[in-house]
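Q:
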Amino acid sequence: MYIIKFGGSVITNKTKENCFKQEVVDDLVKAIKKANKETIIIHGAGSFGHIIADKYNLNKGHKSSDQLLGFSLTHGMVQKLNSLVLDSLHNNGIPAVSIPPHSSLILNNHNPLKFDYIIFKEYLDMGFTPVTFGDVVLDKKLGFSICSGDLLMLLLAENLEPEKTIFVIDEDGFFTSNPKEDKNAELIESATKDQLNGYVASKDRHADVTGGMQGKIETIKKIAELGIDTILLNGNKPDRLFKVLNGEKTKSTIITGGQK
Ligand code: IPE
């Protein structure tokens, strides 16, 4: 089983509110269909979630009553994005079922308190493709906060032992420096968790309430500690996703698991 996360910056235009990249999603979904592997799909919120969550300061927790509407509006937006992703999966013949975090997970000061992963397993065992996404959730300490798709990746990897986790991002993988600013940046094809220690991610240039690239690195290190390999690849080149799922070599970064 593979867990795949479609990054919000791949499936939406992150600088323009509620802008869905239909063709990119359709192409990624076709790659998954063609590879015909057991998968769980997670997607980020992109411009359907980060901008409004930032506006209402939701990730800091419950501080004022107007945030309740902000929470609901954010929830509505990510649910809309989820419907668009589901439509694409269904249109391509994938039996996808949505499992929204706001009703299957509770956090405590951003850390997982209660997570119903069994439901993912039950759906998988029946042949469905579970789909979940970055969402607003209840938080015991803060009232509410935000659960990123990256945290879901870690929680599902911990509990369901996938063959690999795959982050579909808007770059070819991790680079020695920011490829958008430095033309000498080189792709890191393979690294261990420890080699990621000195790696400082480039600053995200758009609203990102859940930790951006640096947060992703921390999550990937924890997945490596579980002994699971993580692959980062460019979602704008859907043949790369197909190749990874099909066991072929392609341009990407692999963070090898196995070391504590
Ligand atoms: C963020 O999820 C969820 C909300 C802002 C509600 P992610 O952190 O997984 O989203 P992306 O991939 O960065 O867009």
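Heads up, the sequence shown is in our numbering, so the first residue is 811 and it goes up one at a time. Yeah, the Cβ is synthetic: ideal placement off N, Cα and C, and Gly gets one too. Nothing here was measured: the structure is a model prediction, and the numbers come from that model.
#1: Go ahead and label P911 buried or exposed: buried means 16 or more other beta carbons lie within 10 angstroms of its beta carbon, across all protein chains shown.
#2: With 9 Å as the threshold, decide whether the Cβ of I842 is near any Cβ in chain D.
#3: Should T986 be labelled buried (16 or more other beta-carbon atoms within 10 Å of its own) or exposed?
#4: When every heavy atom of the ligand IPE is checked, does at least one fall within less than 8 Å of the C-beta of A863?
#5: Spell out the partners DSSP gives Y812 in its beta bridges.
#6: Mapping the DSSP letters down to three states, classify D949 as helix, strand or coil.
#7: Could you check where the alpha helix (DSSP H) with L923 kicks off and where it finishes?
#8: Can C957 be considered in contact with the ligand IPE, in the sense that its beta carbon sits closer than 8 Å to one or more heavy atoms?
#9: S819 and G854 - do their beta-carbons sit closer together than 9 Å?
#10: Is it the case that the Cβ atoms of I850 and V941 are separated by a distance below 9 Å?
#11: If you count every other CB in all the chains shown that lies within 10 Å of the CB of T939, and 16 or more means buried, which is it?
#12: Can you tell me whether C829 is buried or exposed, with buried defined as 16 or more other CB within 10 angstroms of its CB?
#13: According to DSSP, is F830 helix, strand or coil?
#14: State the CB to CB distance for the pair L868 and G856, rounded to an integer number of angstroms; the pair is presumed to be in contact (CB under 8 Å).
#15: Quick check: does the Cβ of T822 come within less than 8 Å of any heavy atom belonging to the ligand IPE?
#16: What I want to know is whether the C-beta of H920 ends up closer than 8 Å to one or more non-hydrogen atoms of the ligand NAP.
#17: Distance, Cα to Cα, K831 vs D982?
#18: What I want to know is whether the C-beta of A967 ends up closer than 8 Å to one or more non-hydrogen atoms of the ligand IPE.
#19: Can you pull the DSSP bridge partners for V907?
#20: Evaluate the contact criterion for the region 834-842 versus the region 871-879: three or more CB pairs, one atom per stretch, below 8 Å.
#21: Tell me the rounded alpha-carbon separation between E1058 and K1032.
#22: What are the residues that DSSP puts in a beta bridge with A1001?
#23: Determine the contact status of D1088 and K1026, defining contact as a CB-CB distance below 9 Å.
#24: Considering only the beta carbon of each residue, do L838 and L1051 sit closer than 9 Å?
#25: Which same chain residues end up closer than 8 Å to G1045 when comparing Cβ atoms and leaving out the 5 residues on each side of it in sequence?
#26: By DSSP, does F1052 sit in helix, in strand, or in coil?
A: In short:
#1: Counted from its first residue, the sequence shown places residue 911 at position 101. By the Cβ-count criterion, P911 is buried, with 16 or more other Cβ atoms from all chains shown falling within 10 Å of its own Cβ.
#2: Checking the listed chains, one finds no chain D in this structure; it contains a single protein chain.
#3: Numbered from 1 along the sequence shown, position 176 holds the residue referred to as residue 986. With fewer than 16 other CB atoms across the displayed protein chains lying within 10 angstroms of its CB, T986 is exposed.
#4: Here residue 863 refers to the residue found at position 53 of the sequence shown. Correct: A863 has its Cβ closer than 8 Å to the ligand IPE.
#5: Within the sequence shown, numbered from 1, the residue matching residue 812 stands at position 2. For Y812, DSSP records a beta bridge to T849, K974.
#6: In the sequence shown, residue 949 corresponds to position 139, counting from 1. Of the three classes helix, strand and coil, the one that applies to D949 here is strand, per DSSP.
#7: By one-based count along the sequence shown, residue 923 stands at place 113. Looking at the DSSP string, L923 is not in any alpha helix (DSSP H); the run it does join, the beta strand (DSSP E), is 921-925.
#8: The residue labelled residue 957 in the question sits at position 147 within the sequence shown. Within the chosen limit of 8 Å, the ligand IPE reaches the beta carbon of C957 through at least one heavy atom.
#9: To locate residue 854, count along the sequence shown from 1; it is residue 44. To locate residue 819, count along the sequence shown from 1; it is residue 9. Less than 9 Å divides the Cβ of G854 from the Cβ of S819.
#10: Along the sequence shown, one-based indexing puts residue 850 at 40. Along the sequence shown, one-based indexing puts residue 941 at 131. Cβ distance < 9 Å, so I850 and V941 count as in contact.
#11: The residue you call residue 939 lines up with position 129 of the sequence shown. The residue in question, T939, is buried, as its Cβ has 16 or more Cβ neighbours within 10 Å.
#12: Residue mapping note: residue 829 aligns to position 19 of the sequence shown, counting from 1. C829 should be labelled exposed.
#13: In the sequence shown, residue 830 corresponds to position 20, counting from 1. F830 falls in the strand class under three-state DSSP.
#14: Within the sequence shown, the letter at position 58 stands for residue 868. Within the sequence shown, the letter at position 46 stands for residue 856. In this structure L868 is not in contact with G856, their Cβ atoms being roughly 16 Å apart against a cut-off of 8 Å.
#15: By one-based count along the sequence shown, residue 822 stands at place 12. T822 has its CB nearer than 8 Å to a heavy atom of the ligand IPE.
#16: Among the ligands present in this structure, namely the ligand IPE, the ligand NAP is not found.
#17: Position 21 of the sequence shown, counting from 1, holds the residue named residue 831. Position 172 of the sequence shown, counting from 1, holds the residue named residue 982. Rounded to whole angstroms, the separation of the alpha carbons of D982 and K831 is 18 Å.
#18: Locating residue 967 in the sequence shown gives position 157, counting from the first residue. Result no, Cβ not under 8 Å from the ligand IPE.
#19: Taking the sequence shown and counting its residues from 1, one reaches residue 907 at position 97. According to the DSSP secondary-structure assignment, V907 is paired through a beta bridge with P940.
#20: No, the region 834-842 does not touch the region 871-879.
#21: Translated into positions along the sequence shown, residue 1058 becomes position 248. Translated into positions along the sequence shown, residue 1032 becomes position 222. So the two alpha carbons sit approximately 25 Å from each other.
#22: Your numbering for residue 1001 matches position 191 in the sequence shown. In DSSP, A1001 forms a bridge with I1065.
#23: With the chain running from 811 to 1070 in the structure shown, residue 1088 is simply not present.
#24: If you number the sequence shown from 1, residue 838 lands on position 28. If you number the sequence shown from 1, residue 1051 lands on position 241. The answer is yes: Cβ separation under 9 Å.
#25: The residue given as residue 1045 occupies position 235 in the sequence shown. Excluding the 5 residues flanking it on each side, G1045 has same chain C-beta neighbours closer than 8 Å at F816, G817, V820, I821, V834, L838, V978, I979, D980, L1051, in chain order.
#26: Your numbering for residue 1052 matches position 242 in the sequence shown. Helix.
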